[in-house]
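Peer 1:
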Amino acid sequence: MANLLAGLEDLGLGKLSDMEVYGDVEKAKKAAKAESEKKEKTEEEYLFDKTYTCPVCDEEFKTMAVRTGKAQLIGTDSDLRPHYKGIDPLKYDAVVCPRCGYAALTRFFAPLSGSQMRLIMEQISKKFQATIRSDKVFTYDDAILRHRLSLASAVVKHSKVSERAYICLKTAWLLRAKQEECTREEEKAELHAQEQEFLKTAYEGFTEASSKEDYPICGMDEMTMLCLLADLGRRIGKYDEAGRLISRVITSPSAPERIKNKAREIRDLIKADSSGIK
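Its first residue numbered -19, the sequence shown is counted upward by one per residue in my numbering.
1. Here's the rule: buried if 16 or more other CB atoms are within 10 angstroms of the residue's CB, otherwise exposed. What is D59?
2. For L208 and chain B, any beta-carbon pair shorter than 8 Å?
3. With 16 as the cutoff for other CB atoms within 10 Å, does D68 come out buried or exposed?
4. Could you pull out every unbroken alpha helix (DSSP H) segment of at least 4 residues lying fully inside the segment 38 to 106, listed in chain order?
5. With a threshold of 6 Å on Cβ separation, who are the neighbours of T181 within its own chain once the five nearest residues in sequence on each side are excluded?
6. Confirm, please, whether the CB-CB distance from F88 to E143 is below 8 Å.
7. Report the three-state DSSP secondary structure of L(-15) (helix, strand or coil).
8. Check this for me: beta carbons of Y64 and A74, under 8 Å apart or not?
9. Going by C-alpha to C-alpha distance, which of K158, E161 and L131 sits closest to G185?
10. CB M200 to CB L209, shorter than 8 Å?
11. When you compare only the Cα positions, how much space is there between I239 and L125?
12. Going straight from the alpha carbon of S139 to that of L171, what length do you get?
Written out as structure tokens, the structure reads:
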């Protein structure tokens, strides 16, 4: 029988020239699906056991962490929440000591001052009874709890305001991510309400930090912080303040064009949201 697909070899499609025109379609679909699943990484493949030493109780422990460079960034929300292919690294950013209960985001985990260690031991470690597992893939509920514990530790140890604000921002992102997986409208509404509370607290904290702390703040320069504050203001309904903040970026002679383009996008979002108010 003549090969109806002959000549495709010249186009680099040699494998296609062997296909049957009326072959088993279902068989081909199953083969394609199996190949796709084989190539799709599981969440575990992005993770490894990372060893930490607790700065409070000196316990050495392991917890799941994302392998550097393995997760592929595919985009961000307007408030800087990152989206990755195959895994959400946000779930693994809070480190919890399973012995004493001290918790913090990775960038703030250590070191601690003597007074901070004493505060954690007195107000958290002496009362900590829960079993916090770190040897498994985290659910969003696991991650949210770990971030709440990180926030409690940050408050107890009198951390910088920016650290507390950053934890609130990341917790809001996790609540948003859980909403996206949720199918029950009532639960989604409750998660959204919680997200709004964390966004509001992050907005208040970063506003205070931007007036009292030196830049960079949590890795952000001033123009990036202004964009973030403007978008947080938009999300919690502070449209006038958000508009003033974003105008500072757009009119700044020192802001890079990349940041100004981002600011213009946020300005458009502010206008669209505020125009919908009745």
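The beta carbon of each residue, even a glycine, is placed where N, CA and C say it ideally should be.
Peer 2: Put simply:
1. Locating residue 59 in the sequence shown gives position 79, where the first residue counts as 1. With 16 or more other Cβ atoms within 10 Å, it is buried.
2. In the structure shown, chain B does not exist; there is a single protein chain.
3. Your numbering for residue 68 matches position 88 in the sequence shown. Classification for D68: buried.
4. 94 to 100
5. To locate residue 181, count along the sequence shown from 1; it is residue 201. Cβ within range, chain order: C148.
6. In the sequence shown, residue 143 corresponds to position 163, counting from 1. In the sequence shown, residue 88 corresponds to position 108, counting from 1. Taking 8 Å as the Cβ cut-off, E143 and F88 qualify as a contacting pair.
7. Position 5 of the sequence shown holds residue -15. DSSP places L(-15) in coil when its eight states are reduced to three.
8. The count along the sequence shown starts at 1 and reaches residue 64 at position 84. The count along the sequence shown starts at 1 and reaches residue 74 at position 94. No, the pair does not count as a contact, with Cβ atoms beyond the cut-off.
9. Sequence index remark: in the sequence shown, residue 185 carries index 205 (1-based). Considering only alpha carbons, the answer is L131.
10. As a first step, residue 200 must be located in the sequence shown, where it is residue number 220. As a first step, residue 209 must be located in the sequence shown, where it is residue number 229. Against a cut-off of 8 Å, the Cβ pair of L209 and M200 comes out as no contact.
11. If you number the sequence shown from 1, residue 239 lands on position 259. If you number the sequence shown from 1, residue 125 lands on position 145. Whole-angstrom Cα-Cα distance: 33 Å.
12. Walking along the sequence shown from the start, residue 139 turns up at place 159. Walking along the sequence shown from the start, residue 171 turns up at place 191. Straight across, the Cα-Cα distance linking S139 with L171 is about 27 Å.
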